[in-house]
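Trainee:
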Amino acid sequence: QVLLEGNASVRYNRAGTDGGGLEVTTGGDLVARGNILIGDNIATFDAGGIKVTLDSSIVLSEGVEVSRNSARFYGGGILVKGATLTASASVRITGNSARSAGGVGAFVFLKESRVTLSGGVVVSGNT
Numbered sequence: 450q451v452l453l454e455g456n457a458s459v460r461y462n463r464a465g466t467d468g469g470g471l472e473v474t475t476g477g478d479l480v481a482r483g484n485i486l487i488g489d490n491i492a493t494f495d496a497g498g499i500k501v502t503l504d505s506s507i508v509l510s511e512g513v514e515v516s517r518n519s520a521r522f523y524g525g526g527i528l529v530k531g532a533t534l535t536a537s538a539s540v541r542i543t544g545n546s547a548r549s550a551g552g553v554g555a556f557v558f559l560k561e562s563r564v565t566l567s568g569g570v571v572v573s574g575n576t
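Residue 450 is where the sequence shown starts when you use my numbering, and the numbers rise one by one after that.
Next up, the structure:
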């Protein structure tokens, strides 16, 4: 399990394929809480901010912000495929973009994904 906690950031990264900021795959777990910024990252293909796949899980809480990330195809902010995303407690997912026709700025949830949003999560301004 990976823990990002307290006033940290993952910014200004570029991926040649997927997962510009973070990629959690093959049963991995990520917990981010306490004023974390995952922003200004770029993916050449999918998942500008965070890519979560293959029975992995990610928990975002307590002021995490996923913003201003971009992907060429899908999931400017977060791509979830066959994995679990839980977001709560003032998480903000804003200003992310996917440039391809049919791309989704905020999230893409693909087969067998589990997503829970609660407790003041804000999703806005994504294109």
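Glycine included, every Cβ here is placed at the ideal spot set by N, Cα and C.
Since the structure is predicted, the reported quantities are computational estimates derived from the model, not experimental observations.
#1: DSSP has residue 500 in a bridge; who is on the other side?
#2: Taking only the alpha-carbon atoms, compute the straight-line gap between residue 566 and residue 536 and give it to the nearest angstrom.
#3: Can residue 506 and residue 481 be called in contact, C-beta distance under 8 Å?
#4: Return helix, strand or coil for residue 567, following the three-state DSSP convention.
#5: Rounded to whole angstroms, what is the Cα-Cα separation between residue 504 and residue 515?
Mentor: Looking at the atomic coordinates:
#1: If you number the sequence shown from 1, residue 500 lands on position 51. Partner(s): 472, 528.
#2: Position 117 of the sequence shown holds residue 566. Position 87 of the sequence shown holds residue 536. So the two alpha carbons sit approximately 5 Å from each other.
#3: Taking the first residue of the sequence shown as 1, we reach residue 506 at position 57. Taking the first residue of the sequence shown as 1, we reach residue 481 at position 32. Annotated as distal: residue 506 and residue 481, with beta-carbon spacing of 8 Å or more.
#4: Residue mapping note: residue 567 aligns to position 118 of the sequence shown, counting from 1. If DSSP states are grouped into helix, strand and coil, residue 567 belongs with coil.
#5: Locating residue 504 in the sequence shown gives position 55, counting from the first residue. Locating residue 515 in the sequence shown gives position 66, counting from the first residue. In this model, residue 504 and residue 515 are separated by some 21 Å (Cα to Cα).
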